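**Q** Numbers 9 to 117, taken from this note's numbering, label the letters of the sequence shown in order.
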Amino acid sequence: GFYWSAFVSRAKKPLLETFGHDLDLYLKVASALGGTPRDLGDASATFLAFPLVPVTHVLWGGDEEFPPDANILFDETISRHLSTEDIAALAGSSVYRLMGAAYKMRQSH
9 GFYWSAFVSR AKKPLLETFG HDLDLYLKVA SALGGTPRDL GDASATFLAF PLVPVTHVLW
69 GGDEEFPPDA NILFDETISR HLSTEDIAAL AGSSVYRLMG AAYKMRQSH
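Encoded structure:
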């Protein structure tokens, strides 16, 4: 649907393009921004976007057979707190925050 394409273009694709080939950078940035590491995929962290609204990024680094992949997960109760449009926007803003921090981290090294 409409929101799925927005989710992919505004959140999943930028997350994958920024961190899909640099999982260590993702983990450093996630930690610096207060993310809680998770045991999902090859690298993952959960952020509390709002009270009762966790957002989890999951990345897979890929190998000879499969390209890197990424996804953004929400708690099953998110629809009680936000509309579908707001969920898509939240996914994007959570990724943009990480991208900005990654850019600053790369510039300082």
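Beta carbons: idealized from backbone N, C-alpha and C, even for Gly. All of these numbers come straight from a predicted model, not from anything done at the bench.
Would you please state the rounded distance, in angstroms, between the beta carbons of Val63 and Phe55? I believe it to be under 8 Å.
**A** Between Phe55 and Val63 the Cβ distance is about 5 Å, and since that is below 8 Å, they are a contact.
**Q** Just checking my contact of Ala38 with Leu106 at CB under 8 Å: how many whole Å lie between their CB atoms?
**A** Confirmed, about 7 Å.
**Q** Among Asp94, Gly108, Glu84, which one has its Cα closest to the Cα of Ala14?
**A** It is Asp94.
**Q** DSSP state of Asp77, grouped into three classes?
**A** DSSP places Asp77 in strand when its eight states are reduced to three.
**Q** Is the beta carbon of Leu41 less than 8 Å from the beta carbon of Val61?
**A** The answer is no: Cβ separation not under 8 Å.
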